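Trainee: Residue numbers (the working numbering): 6 to 1184. Note that the Cβ used here is the ideal one computed from N, Cα and C, for glycine as well. Keep in mind that this is a model prediction, so the values were computed, not measured.
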């Protein structure tokens, strides 16, 4: 909330005339400037700048953040109330108030979020007043479960109307409703099938294709992003006695009339759903008026009318009409518009000088008419200390003859049954001398005959009076050509050169006077004197547009050319000069309008002309060739460092010469190598060439046209320049030590061309930096480096390399900094300390080594550490591999992550430079504390029987501490995949098996086992197993005759019998006997299902389709399987609305749609499960 600061300036002689005078004469506003220099030290009551919305629904998975920010001078302090009483933030460890702010952050992790629901209000206070925020209602978002119900199958005749009720649970905020089938496909909606605003599904008439068993209503709860589903509804449409065609009738709303109330500013939503055959068409109109077209929209196949931003004029009778070929039906919805309070004029901040008078107005409207209440510093005005200068008259507070120290914050509250408005407005009583905020000596530049605005922004209390003077003498009054505005700005309507000069503004009030000087400079306008002319040009020729401009000489002009109001084509044929545009080799695409625009910083002028391209006059075919080489090269104006070269161009061969290239050969240093020296425009025939000393020059010239370069010309006569001292020194001078005690100085040598004379040498100089000693030097030749020995270890040196020859030395060389060679560090880090904040992290601190002992550039520190053994292990066990972490730079601490809990570690530290590592610090040992253990190494189920089974497990592979025992949680899973109550058993650390008794027979059990240390339980290991079935035959038999394994078994038995018969036949032919009857007696009828002797369950016959194990579970070791359905709907996995979906559409939880809390707790939540993002696209 950032109210505009306002003040009333009218003084009144007596209190009785205050209201009349203030109402009839609204005084000017005093703005408090935002310039920090002005605001510094200026007292100001608090102003709320940011607050949370009045209705705040929070997500229980995230922290509650209630915003309250305020400004003031001095900075305000903050306090809160909850449900009307003081809320002591400091006593609640879960509540944090941000420093310098009133914003609350409530950590609800592990807490009951409902405990923090309520109505909160923030107060910002300083010595000048108290501002309060809106009442902020904090509520937790809720996504309650669908009530359990069983839907009866619906059977209807074709042609009748039908309503499928959704009745979703009331969430906070309300859920979004949509209908889908069992395959997550949206049910198509059209003018016959519609979804009402309450979520119910309406059929104007049903058709046979509407028959389906899976009409499912889904509710998506926006805050928690969870989706719940209702039990599927089965609809069967019969056509043995279809309904005939009939007139329309309304299914929603019922009857001929209904009423609707809507609040001003909200969106009015009206719906009409009709039944009938054929399907009726819906139309809308407003009786006695027109629908507001800009705010009206029709949706849902004409069945829903929406009017946005409703106002009082939208009240009235809205008629919806349903029509088919057999008749028409009407329904009238009587709409009334009410209004929560809304501002007509909110109270504004007042800044008053002592003894001034001001008013606060709080103009609101609403239906019913709002009640207005006034507060001072958060206290009802009737309970506040009495102020004789204050009078309350309904929506107005009159403050007369205010005095210093009476600053306060007033609150206006307007409320009716539909809501409330609350605004803070402060009254700040200030006595401030004038200040001029416009920077002094500002220069305003304008063009002749344009308006000029000279600013004099000021601040003071009382509001300063502004007067203007020109050239410090002439007083300026309102009137032609001047206008003085209320904010102090001086305006000259039509500025002329004679108005240029110095202007002074003076700000005055009863506390002082302040003046400021500004300057006006009236410039000449920019004008195009010669405009571009219309051109008609043959294709292939050139076109030139000329644009000559006159402008004020003190302004810098910029010329821009446009083609057809756009940029010029990016084509080298378009050449822009100072005041011309030339288009070479014109094509048909160049036709158009060309505009020149001359811009200055203050104004611009422009002019345009057309270009028309015509067919060129036919000419004989032109042959284009490379130009002939130039001839007659002549050297004149010869000096030590320059010479003029002149030549005669060769034949251009119908293509103009674009440029000439001049090359030279250095016969002394690089004979036979021609080097480009310079280029000359194609119209030139001479060039002044800059030369270097000690070079034997020969020159030649090549010409270039659009075909290519000519052959080189004949060489010129040789021109020898005299030797001279070098003009430059070697580049890339560096000094680097390659080993302790040396410094290698290197450089890039000069070329022979750069040497300027014979006898080229290099003077290498060096001295230790920041040491009072003379330069050492050495002259060397034909090398590019020099090694200085006997240097101290890693110290800076100043170095320079100067070129010299037989004719003198080069310029004074630049001093570079290099370093002598490094050596291994001498010292080890000291005072090594180790802190272990948790079981897997250590923080190492050390005292950095003295920099001189590094003996090189410090690269960082290396920490060597390794695990010696676990604290529960003996001394002789094998050590683990050493680990190294490098910390760059001049560090004094480092973190060692990924440590193993409950272990003994050994650590040392070395300093590192470019040469290598220093000696290690003394070894330090440290221990990591215990952590939670790993999961048990295995969990097996043994000896299942009717009512018991035995669990056997192994200890964790990583104890991470001293094992204190194990926790076993187990629960049954019934035939509908629901989890039963959780039972918990605890075992000692030396127990690794246990027999569970009194279990249910033929029941699947889920087991979760975890190990414990003093730090808590570790991860769980899960196993599932059945108890043995009783002897009762299961209600669902498996048709083994259709099973693949059974068919294979029968084939194997048949083959075996065939082999036996063949053997018998062979033995009989040999006279032997074979007890076939006994063998046949040994094989039972394969159609009979074998039974296991140990538990009476069926053997290995298993229908792979009908007996799938639970998702994520293992098949029980005893071979039994639990009942399941092979073609279930999603609801078959849970009860009604309990069905929940993961982000990919799969179920949450393996056994039930209900959300499980942490597996260590085992109880169920009454809230809906985790967020569902993937299905948001359906809504």
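(1) Could you tell me the alpha carbon to alpha carbon distance between residue 375 and residue 269, rounded to whole angstroms?
(2) At a cut of 8 Å, does the stretch 66-75 reach the stretch 147-157 through at least three beta carbon pairs?
(3) If distances are taken between C-alpha atoms only, which option among 54, 67, 648 and 988 comes closest to residue 114?
(4) Check whether the Cβ atoms of residue 703 and residue 723 lie closer than 9 Å to each other.
(5) Is it buried or exposed for residue 544, if we count other Cβ within 10 angstroms and need 16 for buried?
(6) Report the CB separation of residue 439 from residue 465 in whole angstroms; it is logged as a contact under 8 Å.
(7) Between residue 1015 and the rest of its own chain, which residues show a CB-CB distance below 6 Å, the 5 nearest in sequence each way excluded?
(8) In whole angstroms, give me the CA-to-CA distance for residue 47 and residue 863.
(9) Using a Cβ distance threshold of 8 Å, determine whether the stretch 445-461 contacts the stretch 518-537, with at least three qualifying pairs required.
(10) Indicate whether residue 81 and residue 433 have their beta-carbon atoms separated by less than 9 Å.
(11) Can you give me the C-alpha to C-alpha distance between residue 1010 and residue 1018, rounded to a whole angstrom?
(12) Write down the C-beta distance between residue 887 and residue 866 rounded to the nearest angstrom, noting that I regard them as a contact closer than 8 Å.
(13) Can you give the Cα-Cα distance for residue 145 and residue 201, rounded to whole angstroms?
(14) Does the separation of the CB atoms of residue 907 and residue 933 fall below 9 Å?
(15) From what residue to what residue does the beta strand (DSSP E) around residue 580 run?
(16) The alpha helix (DSSP H) that contains residue 306, what's its start and end?
(17) Just verifying my parser: in three-state terms, what is the DSSP assignment at residue 465?
(18) What does the Cβ neighbour count give for residue 595, buried or exposed, with the cut at 16 atoms within 10 Å?
(19) Apart from the five residues on each side of it in sequence, which residues of its chain come closer than 6 Å, Cβ to Cβ, to residue 861?
(20) Identify the residues that DSSP records as bridge partners of residue 267: which are they?
(21) Rounded to whole angstroms, what's the CA-CA distance from residue 290 to residue 324? Just pull it up for me.
(22) For the alpha helix (DSSP H) that contains residue 757, what are its first and last residues?
(23) Measuring CA to CA, which of 1072, 816 and 829 is closest to residue 745?
(24) I'd like to confirm the pairing. Which residues does DSSP put opposite residue 160 in its beta bridges?
(25) In angstroms with no decimal places, state the Cα-to-Cα distance between residue 599 and residue 562.
(26) Rounded to whole angstroms, what is the Cα-Cα separation between residue 808 and residue 779?
(27) Roughly how many angstroms lie between the CA atoms of residue 371 and residue 346, to the nearest whole one?
(28) Would you say the stretch 216-228 touches the stretch 123-139, given that touching needs at least three Cβ pairs under 8 Å?
(29) Please report the straight-line C-alpha distance between residue 262 and residue 161, rounded to a whole angstrom.
(30) Can you tell me where the alpha helix (DSSP H) with residue 488 in it begins and where it stops?
(31) Residue 537: which of 554, 984 and 983 sits nearest, CA to CA?
(32) Please classify residue 463: is it buried, with 16 or more other beta-carbons within 10 angstroms of its beta-carbon, or exposed?
(33) Thinking C-alpha only, which one of 397, 436 and 408 is nearest residue 417?
(34) Would you kindly work out how many angstroms separate the C-alpha atoms of residue 461 and residue 495, rounded to a whole number?
(35) Cα separation between residue 266 and residue 309?
(36) Does the distance from the C-beta atom of residue 833 to that of residue 740 stay below 9 Å?
Mentor: Taking the geometry as given:
(1) Translated into the one-based positions of the chain shown, residue 375 becomes position 370. Translated into the one-based positions of the chain shown, residue 269 becomes position 264. The alpha-carbon atoms of residue 375 and residue 269 are separated by roughly 14 Å.
(2) The answer is no - the stretch 147-157 does not touch the stretch 66-75, with fewer than three Cβ pairs under 8 Å.
(3) The residue given as residue 114 occupies position 109 in the chain shown. Cα-wise, what sits closest to residue 114 is 67.
(4) Counted from its first residue, the chain shown places residue 703 at position 698. Counted from its first residue, the chain shown places residue 723 at position 718. With contacts defined by Cβ atoms closer than 9 Å, residue 703 and residue 723 form a contacting pair.
(5) One-based indexing of the chain shown puts residue 544 at position 539. The residue is exposed, with fewer than 16 neighbouring Cβ atoms inside 10 Å.
(6) Taking the chain shown and counting its residues from 1, one reaches residue 439 at position 434. Taking the chain shown and counting its residues from 1, one reaches residue 465 at position 460. Right, the Cβ-Cβ distance comes to about 4 Å (below 8 Å), so this counts as a contact.
(7) Along the chain shown, read from residue 1 onward, the residue named residue 1015 stands at position 1010. Excluding residues within five positions, the ones whose Cβ falls inside 6 Å are 972, 1022, 1023 and 1025.
(8) The residue labelled residue 47 in the question sits at position 42 within the chain shown. The residue labelled residue 863 in the question sits at position 858 within the chain shown. Rounded to the nearest angstrom, the gap between the Cα atoms of residue 47 and residue 863 is 52 Å.
(9) Segments in contact, yes.
(10) In the chain shown, the residue the question calls residue 81 occupies position 76. In the chain shown, the residue the question calls residue 433 occupies position 428. Between residue 81 and residue 433, the C-beta spacing is not below 9 Å.
(11) What you label residue 1010 is simply residue 1005 of the chain shown in a count that begins at 1. What you label residue 1018 is simply residue 1013 of the chain shown in a count that begins at 1. Taking the straight line joining both Cα atoms gives about 26 Å.
(12) For this step, residue 887 is matched to residue 882 along the chain shown. For this step, residue 866 is matched to residue 861 along the chain shown. Incorrect: roughly 16 Å between the Cβ atoms, too far for contact.
(13) Looking up residue 145 in the chain shown gives position 140. Looking up residue 201 in the chain shown gives position 196. Their backbone Cα atoms lie some 28 Å apart in a straight line.
(14) As a working mapping, residue 907 is identified with position 902 in the chain shown. As a working mapping, residue 933 is identified with position 928 in the chain shown. When the beta-carbon positions are compared, residue 907 and residue 933 come within less than 9 Å of each other.
(15) Along the chain shown, one-based indexing puts residue 580 at 575. Judged by DSSP secondary structure, residue 580 falls within the beta strand (DSSP E) whose first and last residues are 579-581.
(16) As a first step, residue 306 is located in the chain shown; it is residue number 301 there, counting from the start. Residue 306 -> no alpha helix (DSSP H), and no H or E assigned at all.
(17) Mapped onto the chain shown, residue 465 falls at position 460. Taken through DSSP and simplified to helix, strand or coil, residue 465 comes out as strand.
(18) Your numbering for residue 595 matches position 590 in the chain shown. Buried, since its Cβ has 16 or more Cβ neighbours within 10 Å.
(19) Numbered from its first residue, the chain shown carries residue 861 at position 856. The residues are 799, 827, 918, 919 and 920.
(20) Position 262 of the chain shown holds residue 267. Note: residue 267 is bridge-paired with 342 in the DSSP secondary-structure output.
(21) Position 285 of the chain shown, counted from the start, is the residue given in the question as residue 290. Position 319 of the chain shown, counted from the start, is the residue given in the question as residue 324. Spanning the two alpha carbons is a distance of roughly 5 Å.
(22) Within the chain shown, numbered from 1, the residue matching residue 757 stands at position 752. That run of the alpha helix (DSSP H) goes 757-760.
(23) Position 740 of the chain shown, counted from the start, is the residue given in the question as residue 745. Checking every option, the nearest Cα to that of residue 745 belongs to 829.
(24) By 1-based counting over the chain shown, the position of residue 160 is 155. In the DSSP output, where bridge partners are listed per residue, residue 160 has 241.
(25) Stepping through the chain shown from its first residue, residue 599 is reached at position 594. Stepping through the chain shown from its first residue, residue 562 is reached at position 557. Whole-angstrom Cα-Cα distance: 19 Å.
(26) On the chain shown, residue 808 is found 803 positions in, with the first residue counted as 1. On the chain shown, residue 779 is found 774 positions in, with the first residue counted as 1. Taking the straight line joining both Cα atoms gives about 20 Å.
(27) Sequence index remark: in the chain shown, residue 371 carries index 366 (1-based). Sequence index remark: in the chain shown, residue 346 carries index 341 (1-based). The straight-line gap from Cα to Cα measures roughly 5 Å.
(28) Contact fails: fewer than three Cβ-Cβ distances are below 8 Å.
(29) Start at 1 with the first residue of the chain shown, and residue 262 comes out as number 257. Start at 1 with the first residue of the chain shown, and residue 161 comes out as number 156. In a straight line, the C-alpha of residue 262 is about 29 Å away from that of residue 161.
(30) In the chain shown, counting from the first residue as 1, residue 488 sits at position 483. Per DSSP, residue 488 lies in no alpha helix (DSSP H); the unbroken beta strand (DSSP E) holding it starts and ends at 487-489.
(31) Residue 537 sits at position 532 when you count from the first residue of the chain shown. Looking only at 554, 984 and 983, the smallest Cα-Cα distance to residue 537 is reached by 554.
(32) The sequence position of residue 463 within the chain shown is 458, counting from 1. Residue environment: residue 463 is assigned as buried (16 or more neighbouring CB atoms within 10 Å of its CB, all protein chains considered).
(33) Translated into positions along the chain shown, residue 417 becomes position 412. For the set 397, 436 and 408, the Cα lying nearest the Cα of residue 417 is the one of 397.
(34) Here residue 461 is taken as the residue at index 456 of the chain shown, counted from 1. Here residue 495 is taken as the residue at index 490 of the chain shown, counted from 1. Near 8 Å, if we compare the C-alpha coordinates of residue 495 and residue 461.
(35) Taking the chain shown and counting its residues from 1, one reaches residue 266 at position 261. Taking the chain shown and counting its residues from 1, one reaches residue 309 at position 304. Cα-Cα distance, rounded: 16 Å.
(36) The residue given as residue 833 occupies position 828 in the chain shown. The residue given as residue 740 occupies position 735 in the chain shown. Their beta carbons are not under 9 Å apart, which means residue 833 does not touch residue 740 by this criterion.
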